[in-house]
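Chains as they are written, first to last, in our numbering: chain S, 1 to 475; chain F, 476 to 882. Have a look at the structure below before the remarks.
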């Protein structure tokens with residue numbers, strides 16, 4: 001721990017340190033101002049209070065001055081206190097299926113990582129396909145994407161990072177200078193990001209959005225249905241991403257035999273495939289098959305939790321082994337976001353906002369999707385993707401009902417672009433991990449990422465416009 | 476009989492006189508003052524603690540042979556004590572020996588061996604060792620406090636020190652806890668060693684802590700000293716003249732260097748609050764002009780010069796050196812007062828030190844009332860003032876210290 005002494009003038013320090021209490025005081029004043037305004041026509045008093053609370057949570061989620069989970073807890077306790085929903089109903093929302101699905105997914109991913117299965121798969125694929133610079137780049141990019149279909153993209157990035165770092169060092173690439181190193185780390189980050197939107201498992205944001213949709217409207221989106229809707233976007237973005245990487249950062253090396261030595265050493269370190277890896281692999285495969293085939297009838301959370309129980313019955317993991325992989329903060333955050341979303345919907349606040357803000361100047365469902373996906377993709381570059389969903393989805397669902405649109409569509413329009421943050425380290429942990437290597441700067445990432453962001457928005461909207469109708473989606 | 480000049484009516488002069496010449500005391504008077512024998516471990520600090528007019532604290536030698544020639548005598552009349560010089564006398568208070576000196580720690584160590592009270596402060600040296608002695612490069616004026624004179628020394632545990640501070644605190648003798656360390660050849664100047672003591676004292680008591688250490692090799696240790704809880708720091712240069720510094724303090728010169736002392740003090744003055752960084756310059760071991768130059772330099776960089784009087788110690792290499800006279804010394808303290816006030820250095824911290832004339836006491840040599848500084852100092856000595864000082868020091872640290880956990 002390093003000590004630093006702030007030598008600035010003491011009054012300046014006091015003023016700067018006062019920012020936090022002043023900020024919270026201002027937030028409190030805004031809240032009291034909003035709940036004490038005359039209730040507008042068409043809005044219930046509960047709706048007005050829900051909007052006031054929503055604004056407070058919006059400010060806190062965007063600024064990040066409180067941990068996301070704590071803002072969510074604040075939302076949970078405030079909803080019944082303000083009489084928006086009753087206590088039982090509020091706390092019952094926390095027991096949403098999505099929350100338990102996320103918990104199960106964390107534990108399953110934790111088991112895969114703890115057993116060494118995920119590392120083995122990663123090394124084997126990179127070793128098999130990484131014979132040329134382009135091949136290695138391709139294998140890292142697609143491996144990161146494919147693994148993110150099945151486990152949290154953040155976990156994949158964290159898992160692959162030391163391997164990619166070792167490769168970069170093994171190849172004697174110069175930090176901040178080597179184009180190839182930049183492309184390797186961006187391949188890692190972008191692979192995770194693009195792959196992460198493919199299924200419910202890539203990030204907890206999709207289950208969150210689905211949970212909020214279900215609480216607000218009773219409509220469900222199952223595992224298979226979601227993947228079918230999104231997969232073309234994923235495939236096109238993977239192709240575009242690879243093309244973009246190789247053009248933006250043309251390779252400056254030719255020989256990568258030194259990287260092979262890294263793989264071989266790592267493979268030796270982890271030894272032969274053990275019972276644990278086989279067993280965890282089998283449980284994972286069965287779980288995914290059940291999600292795909294029986295997700296609708298059995299419920300994805302039920303399948304996830306049964307698989308978790310199976311892991312423990314088979315003694316494949318111990319609680320303390322997987323505890324570090326379970327992000328309780330995210331689970332709390334999602335519970336609160338679902339509660340707040342439901343309170344917005346049930347109090348009529350979401351519809352009222354949709355009418356008040358967007359209702360007058362747009363008249364096409366595709367335009368609504370374009371606007372929401374644009375807002376989402378812009379906001380997610382600067383704030384947590386889950387927070388973006390928590391903020392935009394209640395309004396979006398309200399908007400959908402105004403246009404007699406299928407609320408599922410607006411859920412896709414927000415949940416999918418929320419994961420597509422390519423530009424900055426603060427946008428998503430995968431980007432932060434890549435920049436932390438020192439081989440790529442924030443500036444490099446932003447320069448390459450802005451183009452990807454624009455392309456991602458276009459691809460998503462093109463998919464909505466041309467592909468969704470082909471599979472029977474009606475606007 | 477030649478009439479001896481006395482300075483009974485000026486507390487500043489009288490303090491210097493008494494420190495230099497000591498005081499004669501009859502055994503009966505001592506008994507009436509309820510005084511025990513002085514602390515038996517460190518004779519260099521042995522003396523009567525007397526409070527002169529204007530709340531001027533002084534530790535006066537009374538057991539040494541030279542006090543027989545002193546023109547001053549402590550007398551008692553109707554329960555009041557007076558310092559008499561010739562035919563005149565001045566009313567004083569005699570500070571009784573702290574009660575905790577009679578107590579022992581739970582491990583059986585006498586508390587008087589661990590902590591010694593000067594005015595409202597308790598001074599503690601947790602490790603009784605100075606490696607300058609081991610290397611035979613000790614400061615030439617130093618006879619070696621038996622507590623710290625070389626060897627492996629003794630280290631008091633944090634618990635022993637805490638018990639001592641608690642006892643002193645209960646008696647109101649721990650407004651400031653002075654923690655000091657002898658020389659040890661570590662790059663941190665001893666702060667790593669003192670850290671657990673500082674933390675423990677800060678954890679249990681609302682008291683201020685001054686650290687007397689050696690300048691560390693790097694400034695980051697000065698940051699650490701402040702961050703860990705020290706409210707004041709002293710790096711004692713002792714001699715300002717560069718040549719004499721090498722001659723008199725060979726260890727300090729060879730292993731730390733005068734430049735490092737000055738740089739560390741200058742840096743510390745930017746980290747610690749105004750008036751809390753101090754350095755001793757011993758008066759009498761170098762020409763007065765050199766001491767004055769030292770005062771100018773230190774005050775100019777925001778450091779409080781503290782000017783102890785040289786007092787020959789039996790056994791020291793410089794034991795034959797003559798003590799300076801009051802007339803020689805007085806202008807230096809006046810100059811000190813002027814230098815400190817001109818440089819707007821807070822004088823509230825260095826107060827009530829009975830073994831040294833403080834900068835604010837320098838006002839007695841230049842006939843300045845220093846009403847504002849005196850008022851502020853008196854406020855900080857009150858219960859409310861002590862709490863205010865502690866609260867402000869804590870708040871300042873909270874505001875200024877940033878801990879980077881990325882390491």
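We put the CB at the ideal spot given by N, CA and C, even for glycine.
Residue-chain proximity (residue i, chain S), Cβ-Cβ < 8 Å
i: residue 597 of chain F; result: no
i: residue 501 of chain F; result: no
i: residue 826 of chain F; result: no
i: residue 879 of chain F; result: yes
i: residue 876 of chain F; result: yes
i: residue 706 of chain F; result: no
i: residue 699 of chain F; result: yes
i: residue 702 of chain F; result: yes
i: residue 711 of chain F; result: no
Per-residue burial, residue i [other beta carbons within 10 Å of its own, 16 or more giving buried]
i: residue 645 of chain F; result: exposed
i: residue 465 of chain F; result: The requested residue 465 of chain F is not part of the displayed model; chain F covers only 476 to 882.
i: residue 200 of chain S; result: buried
i: residue 26 of chain S; result: exposed
i: residue 36 of chain S; result: exposed
i: residue 748 of chain F; result: buried
i: residue 658 of chain F; result: buried
i: residue 49 of chain S; result: buried
i: residue 529 of chain F; result: exposed
i: residue 514 of chain F; result: Per-residue confidence for residue 514 of chain F stands at a pLDDT of 48, beneath the threshold of 50, marking its modelled position as unreliable; no derived number is given.
i: residue 445 of chain S; result: buried
i: residue 797 of chain F; result: exposed
i: residue 390 of chain S; result: buried
i: residue 373 of chain S; result: buried
i: residue 334 of chain S; result: buried
i: residue 563 of chain F; result: exposed
i: residue 1 of chain S; result: exposed
i: residue 228 of chain S; result: exposed
i: residue 729 of chain F; result: exposed
Strand pairing of residue i, partner residues [DSSP]
i: residue 563 of chain F; result: F:560
i: residue 653 of chain F; result: F:598 and F:685
i: residue 499 of chain F; result: F:548
i: residue 526 of chain F; result: F:532 and F:568
i: residue 4 of chain S; result: F:877
i: residue 555 of chain F; result: F:552
i: residue 593 of chain F; result: F:596
Chain S residues whose Cβ lies nearer than 7 Å to that of residue i
i: residue 718 of chain F; result: In chain order: nothing, as chain S lies at least about 34 Å away.
Chain S contact residues for residue i, given Cβ-Cβ distances below 8 Å
i: residue 745 of chain F; result: 7
i: residue 871 of chain F; result: 10
Residue i at chain F interface by Cβ criterion, 8 Å
i: residue 426 of chain S; result: no
i: residue 283 of chain S; result: no
i: residue 492 of chain S; result: What the structure shows of chain S is the stretch from 1 to 475, and residue 492 of chain S is not part of that stretch, so it cannot be assessed.
i: residue 17 of chain S; result: yes
Neighbour list for residue i in chain F, Cβ cutoff strictly below 8 Å
i: residue 13 of chain S; result: 874 and 875
Go through the segment 189-234 of chain S residue by residue and report every complete run of the alpha helix (DSSP H) that reaches 4 residues or more, in order. 205-217
Completely contained beta strand (DSSP E) runs for the segment 249-330 of chain S, where each covers 3 or more residues: none
Of all the alpha helix (DSSP H) runs that stay within the bounds of the segment 59-144 of chain S, which reach a length of 4 or more residues? 68-81, 87-94, 97-115 and 117-129
If we require 4 or more residues per run, which alpha helix (DSSP H) segments fall completely within the segment 799-850 of chain F? 801-817
Return the chain-ordered ranges of every beta strand (DSSP E) run that is complete within the segment 379-457 of chain S and spans a minimum of 3 residues. none
Output the residue ranges of the alpha helix (DSSP H) runs that lie fully inside the segment 719-788 of chain F and measure 4 residues or longer, sorted by chain position. 725-730, 733-746 and 763-775
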